[in-house]
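S.K.: Under numbering that gives the first Met the number 0, the first residue of the sequence shown carries the number 0, and numbering increases by one thereafter. We put the beta carbon where it would ideally sit given N, CA and C, even for glycine. A quick note: this is a predicted structure, and the numbers were derived from the prediction, not measured.
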Amino acid sequence: MTYPTQPTASHFINGAYVEDTSGTPIDVVYPATGEVIATVYAATPAIVDQAIASAKTAQVAWAKMTGTERGRILRRAADIMRERNHDLSVLETFDTGKPYQETSVVDATSGADALEYFGGMAATLTGEHIQLGEDWVYTRREPLGLCVGIGAWNYPTQIACWKGAPALACGNAIVFKPSETTPLCALKVAEILHEAGLPAGLYNVVQGMGEVGGALVSDPRVDKVSLTGSVPTGRKVYAAAAAGIKHVTMELGGKSPMIVFEDADIENAVSGAILGNFYSSGQVCSNGTRVFVHEDIKEAFLARLSARLAGAVIGDPMQVETSFGPMVSERQMNIVLDYIAKGQAEGARLVTGGTRLDRDGFYLQPTVFADVTDDMTIAREEIFGPVMAVLDFTDEDDVLARANDTEFGLAAGVFTRDLARAHRVASGFEAGTCYINTYNDAPVEAPFGGSKASGVGRENSKAAIEHYSQLKSVYVRMGDLEAPF
Ligand code: NDP
0 MTYPTQPTAS HFINGAYVED TSGTPIDVVY PATGEVIATV YAATPAIVDQ
50 AIASAKTAQV AWAKMTGTER GRILRRAADI MRERNHDLSV LETFDTGKPY
100 QETSVVDATS GADALEYFGG MAATLTGEHI QLGEDWVYTR REPLGLCVGI
150 GAWNYPTQIA CWKGAPALAC GNAIVFKPSE TTPLCALKVA EILHEAGLPA
200 GLYNVVQGMG EVGGALVSDP RVDKVSLTGS VPTGRKVYAA AAAGIKHVTM
250 ELGGKSPMIV FEDADIENAV SGAILGNFYS SGQVCSNGTR VFVHEDIKEA
300 FLARLSARLA GAVIGDPMQV ETSFGPMVSE RQMNIVLDYI AKGQAEGARL
350 VTGGTRLDRD GFYLQPTVFA DVTDDMTIAR EEIFGPVMAV LDFTDEDDVL
400 ARANDTEFGL AAGVFTRDLA RAHRVASGFE AGTCYINTYN DAPVEAPFGG
450 SKASGVGREN SKAAIEHYSQ LKSVYVRMGD LEAPF
């Protein structure tokens, strides 16, 4: 088998690839076959220090450039990413196992969207003028300084850009640590940014496990931490950041509800349930994994869902017709298999799927459970795999209360033809990102993020600027200054 172009070394620091084989080796496994396709080395304390020091130095000059100059570089990087979409998509597929059918339209493209959007916004960032009689205050929108990004393994290119683009647009430097499971893609993002003219030191990538992330978060030179990961990791990282009074963005997990009312277009609702449970083999944070279906249409919904799932093309992720690939790792596959066993043991009805495929790689079948009740483990915990729980309901108020009865609050969806009900339910959802008659769209123009335990802050959109910059107020007195003595 031919593998995509490998990054030349483990880390990218101060504008160049850097290798240090004294760190712990991390094998990169192609999830479709289980073969090791690359090895990188975890950052040693010296590598972490080098990355932070170079970022600190580079940030000073970067912040002095105009927004127009900074934005031009980001937009150039977006263009390069789009030109190299094929190669980047192949790398993303090898890193994650997601089918090329997905990666070629989602990953580098959404990363490029973020670079283009925040590149365009960089020149528009301003403070304001506040008149106070003769005196006045003006505000300066200033960068935070050095940001640390820590990524999950499901969207390695996108996460590297969703954090890097707004950070750089606002005049910050960033040190990014990808998940140890998918270390390759962020290196390519760094390479492209520098090729587009980014001065050395502003976007650094260091590899490693949780302890490298921990070292970055607790370093006093770091001003902000943006994590995409699970709630348990979020609690640790948030606490470590709090000790240093650092800014945070937390993009964490979910167990999001999707409500399908009796008047919904069933084909559209089934499409939403498929997109919100089986895209990327179910490894999407905002997935609507608790699908509440009105009793009157439940059997019709399940029948169409099963028929449509039979059309999934499961196989080699590099074949363009493949629409469902492997899990990212053996470990994640086994976690999901445990949840499937719990679903069966606790009495849920297995409608389809439920087993590992008899082939190389970490393949599970798309799995649907019906007759799921609110207290079952598969209805309460984030599974992060292709497992849909279908629950019954009859009453709107009751289903909304059940939908909100969770510690998570990342996303939620409603399918109905009743316009007033759609907006009423959306307004009642306790979630950061809601959908009406669709699911899982995440355009860069719209804020994305969670409420409750699912997160703090927002990525994308104008809202992200608030999380990568700070305001300084400057009071200007025009007349004499009086004092009491
Ligand atoms: P983890 O929480 O296991 O890891 C996330 C990242 O944090 C990894 O890079 C990990 O390193 C690192 N890390 C782990 N421990 C620490 C620590 N103590 N200090 C600093 N960094 C640490 O998540 P997964 O990678 O398993 O990703 C899946 C999770 O991510 C799911 O819960 C999913 O919902 C969530 N997610 C949220 C999204 C959102 O936007 N809200 C989007 C995508 C995923 P390493 O793994 O290398 O040890």
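Enumerate in chain order the residues of its own chain whose CB-to-CB distance from T95 is below 6 Å, with the five nearest sequence positions on each side excluded.
M.R.: T181 and V327
S.K.: Give a single yes or no on whether N439 has its beta carbon closer than 7 Å to a heavy atom of ligand 1.
M.R.: No, the beta carbon of N439 sits no closer than 7 Å to any heavy atom of ligand 1.
S.K.: DSSP state of G209, grouped into three classes?
M.R.: helix
S.K.: Considering only their Cβ atoms, is the gap separating A400 from A411 smaller than 8 Å?
M.R.: no
S.K.: Could you give the residue range of the beta strand (DSSP E) that holds C146?
M.R.: In the DSSP assignment, C146 falls within the unbroken beta strand (DSSP E) covering L145 to I149.
S.K.: Looking only at its chain, what residues have a beta carbon closer than 7 Å to the beta carbon of S279, apart from the 5 residues adjacent to it on each side?
M.R.: K97, E101 and N153
S.K.: Does ligand 1 have even one heavy atom less than 7 Å from the beta-carbon of S229?
M.R.: yes
S.K.: What number of angstroms, rounded off, separates the C-alpha of K162 from the C-alpha of E458?
M.R.: 8 Å
S.K.: Just mark Y40 as buried or exposed, buried being the case when its beta carbon has 16 or more other beta carbons within 10 Å.
M.R.: buried
S.K.: Identify whether Q130 lies in helix, strand or coil by the three-state DSSP scheme.
M.R.: strand
S.K.: Measure the Cβ-Cβ separation of G352 and T372 and say whether it is below 8 Å.
M.R.: no
S.K.: Taking the alpha-carbon of V89 as reference, which of Y362, D134, T108 and N439 has the nearest alpha-carbon?
M.R.: Ranking the options by Cα distance to V89, first place goes to T108.
S.K.: Quick one, are the C-beta atoms of Q331 and F383 less than 8 Å apart?
M.R.: yes
S.K.: Locate the alpha helix (DSSP H) running through M332, then write down its first and last residues.
M.R.: E329 to A344
S.K.: Touching or not, the stretch 239–248 and the stretch 278–296, by the rule of three or more beta carbon pairs under 8 Å?
M.R.: The stretch 239–248, when compared against the stretch 278–296, does not touch it at the 8 Å Cβ threshold.
S.K.: Shortest alpha-carbon distance to V174 belongs to which of L131, I72, A214 and A54?
M.R.: The candidate whose alpha carbon is nearest that of V174 is A54.
S.K.: Are V386 and I339 closer than 8 Å when you measure CB to CB?
M.R.: yes
S.K.: Give the single residue among E444, V475, V473 and T432 whose Cα lies nearest to the Cα of G454.
M.R.: T432
S.K.: Report the option in N267, A111, A62 and G66 whose CA atom is closest to the CA atom of T84.
M.R.: Reading off the sequence shown, one finds Asn at residue 84, where the question assumed Thr. Per the C-alpha coordinates, the member of N267, A111, A62 and G66 positioned closest to N84 is A111.
S.K.: Relative to the C-alpha of K176, which candidate in P198, T38, L167 and C146 has its C-alpha closest?
M.R.: C146
S.K.: When the Cα atoms are used, what is the spatial distance from G66 to E18?
M.R.: 33 Å
S.K.: Within the stretch 38–63, note down every full alpha helix (DSSP H) run reaching 4 residues or more, in order along the chain.
M.R.: 44–63
S.K.: Just the C-alpha distance for R416 and A15, rounded to the nearest angstrom, thanks.
M.R.: Near 54 Å, if we compare the C-alpha coordinates of A15 and R416.
S.K.: For E345, which residues in the same chain have their Cβ closer than 8 Å to its Cβ, ignoring the five residues on either side in sequence?
M.R.: Sequence-distant Cβ neighbours of E345 in its own chain, meaning closer than 8 Å and more than five residues away, are M375, T376 and I377.
S.K.: Please name the residue or residues paired with F175 in a DSSP beta bridge.
M.R.: G148 and V204
S.K.: Could you tell me if F93 is buried or exposed, where buried requires 16 or more neighbouring beta carbons within 10 angstroms of its beta carbon?
M.R.: Buried is the call here.
S.K.: May I ask you to check if the CB of W135 is nearer than 7 Å to at least one heavy atom of ligand 1?
M.R.: Every heavy atom of ligand 1 is 7 Å or more from the Cβ of W135, so no.
S.K.: For S9, count the other beta carbons within 10 Å of its own beta carbon; 16 or more makes it buried, fewer makes it exposed. Which is it?
M.R.: By the 10 Å Cβ count, S9 comes out buried.
S.K.: Can you tell me whether Y474 is buried or exposed? The criterion is at least 16 other CB atoms within 10 Å of its CB, across all chains shown.
M.R.: Exposed, by the Cβ-count rule.
S.K.: Which residues does DSSP list as the beta-bridge partners of H485?
M.R.: Nothing can be reported for residue 485: it is not among the residues displayed for the chain, which extend from 0 to 484.
S.K.: To the nearest angstrom, report how far apart A62 and E68 are at their CA atoms.
M.R.: 11 Å
S.K.: Closer than 7 Å by C-beta to E133: which residues in its own chain qualify, once you throw out the five before and the five after it? Chain order, please.
M.R.: Taken in chain order, the residues that qualify are M477 and G478.
S.K.: Rounded to a whole number of angstroms, what is the C-alpha to C-alpha distance between I79 and E194?
M.R.: 9 Å
S.K.: Can you tell me where the beta strand (DSSP E) with L485 in it begins and where it stops?
M.R.: The structure shown does not extend to residue 485, since the chain spans only 0 to 484, so no value can be given for it.
S.K.: Tell me whether A31 sits in a helix, a strand or coil according to DSSP, three-state version.
M.R.: coil
S.K.: Between I435 and A425, is the Cβ-Cβ spacing less than 8 Å?
M.R.: yes
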